[in-house]
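For reference, the structure is listed below as structure tokens.
Residue numbers (our numbering): 18 to 172.
Printed below as a string of structure tokens:
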């Protein structure tokens, strides 16, 4: 894998704060040409340094007022690969992780309200073959959301 240099990190720092910033503004801030920024960004996309793009949607505006983390216990950890497709079929599930600790998996989902959450738990999640237990944690407020710091890890 190619190395990420100081200029790449500077570019990442700028675009991670505002993905819609014009390349000409990034180029100006970095002191290089717009073409250089375009080439660097494309290279980092090709290297999977930059993954995905798009807009962040506010779930509350769409009526999803409850953000929930659910610890899921499975009969056997090896069932993870069989359970993931079932979670993929539940549109309200936005993240799914295979974890260490007291849970086999940790999922994040959005529900319209507590009644909707109960429906998701009872009628969908707990009905998935292999799921033996769940523990629900409701987020009251998200206080920090950011990307990983863009710095040299040798610093």
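Here a beta-carbon is modelled for each residue, glycine too, at the ideal position from N, C-alpha and C.
Leaving out the 5 sequence neighbours to the left and right, which residues in its chain are closer than 6 Å to residue i when beta-carbon positions are compared?
{"i": "residue 125", "result": "86, 111 and 112"}
{"i": "residue 47", "result": "27"}
{"i": "residue 114", "result": "123"}
Looking at the strands, I want to know which residues DSSP matches up with residue i.
{"i": "residue 127", "result": "84"}
{"i": "residue 151", "result": "89"}
{"i": "residue 156", "result": "84"}
{"i": "residue 135", "result": "Paired residues: none, contrary to the question."}
{"i": "residue 122", "result": "89 and 115"}
Decide if residue i is buried, meaning its Cβ has at least 16 other Cβ atoms within 10 Å, or exposed.
{"i": "residue 154", "result": "exposed"}
{"i": "residue 57", "result": "buried"}
{"i": "residue 72", "result": "exposed"}
{"i": "residue 83", "result": "buried"}
{"i": "residue 128", "result": "buried"}
{"i": "residue 78", "result": "exposed"}
{"i": "residue 38", "result": "exposed"}
{"i": "residue 54", "result": "buried"}
{"i": "residue 142", "result": "buried"}
By Cβ distance, which residues of its chain are closer than 7 Å to residue i, with the 5 residues on each side in sequence left out?
{"i": "residue 136", "result": "none"}
{"i": "residue 19", "result": "64"}
{"i": "residue 167", "result": "26, 29, 30 and 33"}
{"i": "residue 36", "result": "70"}
{"i": "residue 21", "result": "66"}
{"i": "residue 119", "result": "88"}
How long is the line joining the alpha carbons of residue i and residue j, rounded to whole angstroms?
{"i": "residue 121", "j": "residue 102", "result": "15 Å"}
{"i": "residue 172", "j": "residue 89", "result": "Residue confidence for residue 172 is low, a pLDDT of 47 falling below 50, so the modelled location carries little weight; the figure read from the coordinates is stated next. Using only the alpha carbons, I get a separation of about 37 Å."}
{"i": "residue 162", "j": "residue 75", "result": "13 Å"}
{"i": "residue 149", "j": "residue 23", "result": "48 Å"}
{"i": "residue 151", "j": "residue 60", "result": "42 Å"}
{"i": "residue 67", "j": "residue 134", "result": "33 Å"}
{"i": "residue 81", "j": "residue 109", "result": "9 Å"}
{"i": "residue 104", "j": "residue 45", "result": "44 Å"}
{"i": "residue 107", "j": "residue 130", "result": "16 Å"}
Which residues in the same chain as residue i place their Cβ atom closer than 8 Å to its Cβ, once the five residues preceding and following it in sequence are excluded?
{"i": "residue 147", "result": "91, 92, 93, 96, 99 and 100"}
What ranges does the beta strand (DSSP E) occupy inside the region 95-120, keeping only unbroken runs of at least 3 residues that lie completely in it? 110-115
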